[in-house]
Structure formats: structure tokens, C-alpha cells
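Okay, structure first, notes after.
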Amino acid sequence: PRGEPLLGCVRELRRNPLDFFTKQVREYGDVVRIRVGPVYVTAVAHPDPVRHVLQDNARNYNKQTRGFAVIRELLGQGLLTSEGDFWLRQRRLAQPAFHRQRLAGFARTMVDTSVDLANALESRIATGQPFDVAEDFNHLTLRIAGLTLFGTDVGDESRAIGEALGRAQTFANERLTQLIPIPRALPLPSHRQFNRDVATLDRVVRTIIERRHQQGGEHHDLLQMLMEARDEDTGERMSDTQLRDEVLTLLLAGHETTASALAWTVVLLSRNPDARRRLEEELSRELGGRAPTVEDLPKLAYTRRVVDESLRLYPPAWIFSRAAIQDDVVGGFRVPRGTFVLLLPWVTHRHPKLWNNPEAFDPDRFLPEHERERPRFAWFPFGGGPRQCIGNQFALMELVLVLATLCQRVRLELAPGHPFAPAPAITLRPRPGVWVTAARP
Ligand code: HEM
Numbered sequence: 344p345r346g347e348p349l350l351g352c353v354r355e356l357r358r359n360p361l362d363f364f365t366k367q368v369r370e371y372g373d374v375v376r377i378r379v380g381p382v383y384v385t386a387v388a389h390p391d392p393v394r395h396v397l398q399d400n401a402r403n404y405n406k407q408t409r410g411f412a413v414i415r416e417l418l419g420q421g422l423l424t425s426e427g428d429f430w431l432r433q434r435r436l437a438q439p440a441f442h443r444q445r446l447a448g449f450a451r452t453m454v455d456t457s458v459d460l461a462n463a464l465e466s467r468i469a470t471g472q473p474f475d476v477a478e479d480f481n482h483l484t485l486r487i488a489g490l491t492l493f494g495t496d497v498g499d500e501s502r503a504i505g506e507a508l509g510r511a512q513t514f515a516n517e518r519l520t521q522l523i524p525i526p527r528a529l530p531l532p533s534h535r536q537f538n539r540d541v542a543t544l545d546r547v548v549r550t551i552i553e554r555r556h557q558q559g560g561e562h563h564d565l566l567q568m569l570m571e572a573r574d575e576d577t578g579e580r581m582s583d584t585q586l587r588d589e590v591l592t593l594l595l596a597g598h599e600t601t602a603s604a605l606a607w608t609v610v611l612l613s614r615n616p617d618a619r620r621r622l623e624e625e626l627s628r629e630l631g632g633r634a635p636t637v638e639d640l641p642k643l644a645y646t647r648r649v650v651d652e653s654l655r656l657y658p659p660a661w662i663f664s665r666a667a668i669q670d671d672v673v674g675g676f677r678v679p680r681g682t683f684v685l686l687l688p689w690v691t692h693r694h695p696k697l698w699n700n701p702e703a704f705d706p707d708r709f710l711p712e713h714e715r716e717r718p719r720f721a722w723f724p725f726g727g728g729p730r731q732c733i734g735n736q737f738a739l740m741e742l743v744l745v746l747a748t749l750c751q752r753v754r755l756e757l758a759p760g761h762p763f764a765p766a767p768a769i770t771l772r773p774r775p776g777v778w779v780t781a782a783r784p
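Residues in the sequence shown are numbered from 344 upward in steps of one, following our numbering.
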């Protein structure tokens, strides 16, 4: 358009990407072409084009985008970032670890670790002192991912991992919006810090693998499946690098997102006392003070709706991207090959044409009768199509069990004087944290 600044919208995009994309879609429609520095990207916000890109025409899209390039600098070629036959082999290998029966076996660990946290939170009731519950959730979900997937408690590392990951995400974001990517080999202070942070994460992965070698005995978890898998053609085991990439991917993808969802749920419940009361009533009616089990899950319908609504308003994966392999038409607009397409749960989940009063927290939107009225991709916190989140059901079960365990025993209230905001990096986290006080429900 006329009057467009030379570098497109880079500055606005950097300042506040959530508002930036929301405004673009409100002003220009559900499929918009946006100039970012030297390139054009196409952002899609309507469920039909989202479905087209992720599912119906998924074969025409890959992950050779700048967003995934910066994630690859951290995760290498694991399940999230790899492509083609290689990805498919790894996905088939990992899939059995996420089958329904396997997940049911994780419920106990999810609840036991949540009970540990509930005990710690209860002991803070008497002090009345505020604390950062986002930090507690990092610790909790890291323990759960480590124990269920790799048979190792990495809880002691949660602070180091959280700090490394926080910085790495900021760095990745900087790189993503650099007009010309600066070669990583240059010994800049930010590059050296990133290398140190990667080394921290590598150390955790090495610990996980070494402990397995020391443990001996039989194991049936994801780690064992990855370690024992052999290539159908060559009969070879996975290389150390490949194993590292898969373990790190699952550990990070498996805990950061869920911790973020829990932190936002606490925020929303504290701001919506009516919903919180209904949640507490359901828990006391269905559980009567005991810890939940996997059999209780179908009964905890309101708790589940709270989770769904929280993932709508604060989708941890608020943006992700694809590149068009061949020319395509998306929502009536031409998408030339090579175009980067942005999928934006944040924008779609708050789209006024899809959601009544979209900013309001209303778990009953997810009652079955209302769900039937909405197109499939109006809500897609886990993506969709062949590259849909492998941990989708794992995460939903974990979120419900953690909330059911905690909310029966403590009520968390936002502490005044501790402002925070959504920090949109690779994931959407409340920064600098969620400071709360604990009370009896
Ligand atoms: C992929 C979101 C929890 C592991 C994805 C994708 C999204 C997502 C949107 C698709 C990305 C794309 O299409 O480019 C979330 C959210 C979670 C969550 C919001 C929690 C609330 C988990 C958990 C695990 C996990 C618990 C593992 C235990 C993965 C993996 C992939 C993935 C390995 C790549 C799958 C593939 O391409 O084959 N996740 N995720 N995620 N997620 Fe999750």
C-alpha cells in the first residue's frame, strides 16, 4: 500500500506482536498479506484457511520457515522440527508412548507430584506471603515430563532450565525479527550466552540418558523406545545427536507449554470468582477431598471446560508457521510458493465472528451443544492435521489432574502490586511471573 514504511511493519511487530496481528486481521480481513522487512508473510485467522493449510492441503506445506529455523538452533532435528520420511519414522516410533492406556498409567505420577506441590502451597497459607506460582508450575510440569517420559526426576534442574529457556526464547525472538540474520558463529556476547544456555539443556539431557544406563533393568517408557529403536533398512540405532534432539524436544515441548497453561488458568480463576466457585463445587462433589484418579476424569467436566477456555484465551503456542511448497490459493487469496504462512491461535481464538464477547472468560462455551456450532479450527491450541501435537491428550489430562488436585486444597489469589503481561516469544508466558497468595478454598 501507499505510504508503507521501507521496512514494513518490523517495528510495530517487535513492540507488540499480539496487538499487531490482531489489528491486521481486524482491519484487512481473515487472510492478510503483511510485509515484514524484506519478505511478505500471509497471516490466516479464519478456521477454513487454517484447516486448509494444516490439514486438507498439508502436503503442500513444510516447516522451512524462519520461525522453525530459530527453534532448530535450540532443538536440532527432533519431532517438532524435522520433516518428511525422517519425521514420519520418528513420529511412529514415539506414538505408542502416547496411547490412551499409556497415558492412563501416567495419571498416578501426575497426581502424586501435584500432591507434593499442594503440600508446599498449603504450608504457605499461614505466611500470607506472595510467591511466583508460575515458577512452581515450571518445576511441577518438568518433574511430570521427566518422570513419565524418561523415568527421571529432573525437578532439581527446573530453575536452571527455566532461566536458560527464558533467555533462549528471547534470543530466538530477536533473531526472528532481525532483518538479516547474523551468523551464529560470530562470537557476540548474546551468541555466547545462547551457547551456554544450550550447554545447560544438553547437560540435563545427558543426565537423563546416563541415569538410564545406570538404572539397568527393564523399562517401557518413551526413552527406552527411542534408545532401542533400530532403523528398518540399516538396523542401526539412533545417533547420539538424534537421541539428544528427541529427548530435548519432548522435555521442552512437554513442560513449558503446560506450565504456561496452568499459570494462565490461575490468573483467569482469580479474576473470575464465579467460575472458580463452580470449579471448587465440582471438585468437592465428585472427589470429596480425595486426590483424583484417571477414572474421575469423565466426571470433571467443568474443570475440563475451564482448561479449554484457558487454552482459548492464552494459547501457549500462540503462533506457528508453514512455508508453501507450491503455489496455492488460501481463502481466495493467491499464496505463491515459498510464502510463509502464519497460523495464529491467539487471533483466531479471539475472533469476534467466531466467539461471542471473545475477551470474556466463559468455560460454558465448551458445553457440547455450543461446540457443535463452531467450525473445527475455531479452537486449535494443539495445531491440527498430520503435525498435530503428539502430547495433546497428555497435556489435557495433566492440566485437569493438576487443577483438580490443587484447587481442592488451596485457593490462589493474584497478589496486588505484582504486574505481569503475556510475553509472546515461542510460547506465551506471563512475564515476569504470576505472584499470588494462598488461602483455604
Ligand atoms: C507439536 C501445542 C503439550 C510435544 C505441537 C503443536 C502445537 C503444540 C500447536 C503443533 C506445531 C505445528 O504444527 O507446527 C502444545 C500445547 C501444549 C502442548 C498448547 C500444552 C498445553 C505438549 C506435550 C508434549 C508435546 C505435553 C509431550 C509430552 C509435542 C511434539 C510436537 C508438538 C513432540 C511435534 C509433533 C509433530 O510434529 O509430530 N504442540 N503442546 N506437546 N508437541 Fe505440543
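The beta-carbon is built from N, C-alpha and C at its ideal position, and this holds for glycine as well.
Beta-carbon to beta-carbon, ARG655 and HIS692 are separated by about 5 angstroms, close enough to satisfy the 8 angstroms threshold. Collapsing the DSSP output to three states places ASN538 in a helix.
In this structure, DSSP gives THR550 a helical state, which the three-state scheme calls helix. The three-state secondary structure of LEU605, taken from DSSP, is helix. Rounded to whole angstroms, GLN536 and PHE474 show a C-alpha spacing of 28 angstroms. Secondary structure at GLU756: strand, using DSSP grouped into helix, strand and coil. SER582 and ARG647 have their alpha carbons spaced roughly 40 angstroms apart. Ranked by Cα distance from GLY597, the options ILE733, THR748, SER664 and PHE763 are led by ILE733.
Rounded to the nearest whole angstrom, the C-alpha separation of PHE709 and PRO532 is 47 angstroms. For VAL650, the closest C-alpha among the options ILE414, PRO381, LEU611 and SER425 is that of LEU611.
Distances between the C-beta of ALA401 and the heavy atoms of the ligand HEM are all 6 angstroms or more. Here DSSP, grouped into helix, strand and coil, assigns ILE668 to coil. For TYR383, the enclosing beta strand (DSSP E) covers residues 382–387. Under DSSP, the beta-bridge partners assigned to ASN405 are ALA666. With a beta-carbon spacing of about 6 angstroms, GLU625 and LEU643 fall inside the 8 angstroms limit used to define contacts.
Here the stretch 626–641 makes no contact with the stretch 658–667; the two share fewer than three CB pairs at distances below 8 angstroms. By DSSP's assignment, ARG573 forms a beta bridge with ARG580. Judged by DSSP in its simplified three-state form, ILE504 adopts helix.
For PHE441, the closest of ALA764, ALA738 and SER613 by C-alpha to C-alpha distance is ALA738. In this structure, the C-beta of ALA477 stays at least 6 angstroms away from each heavy atom of the ligand HEM.
In the same chain as VAL393, and ignoring 5 residues on each side of it, the C-beta atoms closer than 8 angstroms to its own belong to VAL387, LEU686, THR691, PHE720, PHE723 and GLY727, in chain order.
Counting only residues of its own chain and dropping the five nearest sequence neighbours on each side, ARG434 has a CB closer than 8 angstroms to the CB of LEU422 and ILE733.
In summary, GLN444 is exposed, with fewer than 16 beta-carbon neighbours lying within 10 Å of its beta-carbon over all protein chains present. For PHE363, there is no enclosing beta strand (DSSP E); the residue is part of the alpha helix (DSSP H) that begins and ends at 360–371. Per DSSP, the unbroken alpha helix (DSSP H) holding ARG432 starts and ends at 427–437. A contact between stretches requires three or more CB pairs, one per stretch, nearer than 8 angstroms, and the stretch 558–571 fails this requirement with the stretch 510–519. In the three-state reduction of the DSSP assignment, PHE704 falls in the coil class, being assigned neither a helical nor a strand state. Per the Cβ contact rule, the stretch 487–496 is in contact with the stretch 445–453 (3 or more Cβ pairs under 8 angstroms). Exposure of HIS556 is indicated by the presence of fewer than 16 other C-beta atoms within 10 angstroms of its C-beta. In this structure, ASN481 lies away from GLN669, with their beta-carbon atoms at least 7 angstroms apart.
In the DSSP annotation of this structure, the continuous segment of the alpha helix (DSSP H) that includes VAL650 starts and ends at 644–656. The beta carbon of THR484 sits closer than 6 angstroms to the beta carbons of HIS598, THR601 and ALA602 from its chain, once the five residues preceding and following it are set aside; these are given in chain order. The beta carbon of GLY498 is closer than 7 angstroms to those of HIS482, LEU485 and ARG486 in its chain, skipping five residues each way along the sequence. TRP698: not part of any alpha helix (DSSP H); DSSP gives it neither H nor E. Under the three-state reduction of DSSP output, ASP455 falls in the helix class.
Inclusion of PHE663 in the 6 angstroms shell around the ligand HEM follows from its C-beta lying nearer than that to a non-hydrogen atom of the ligand.
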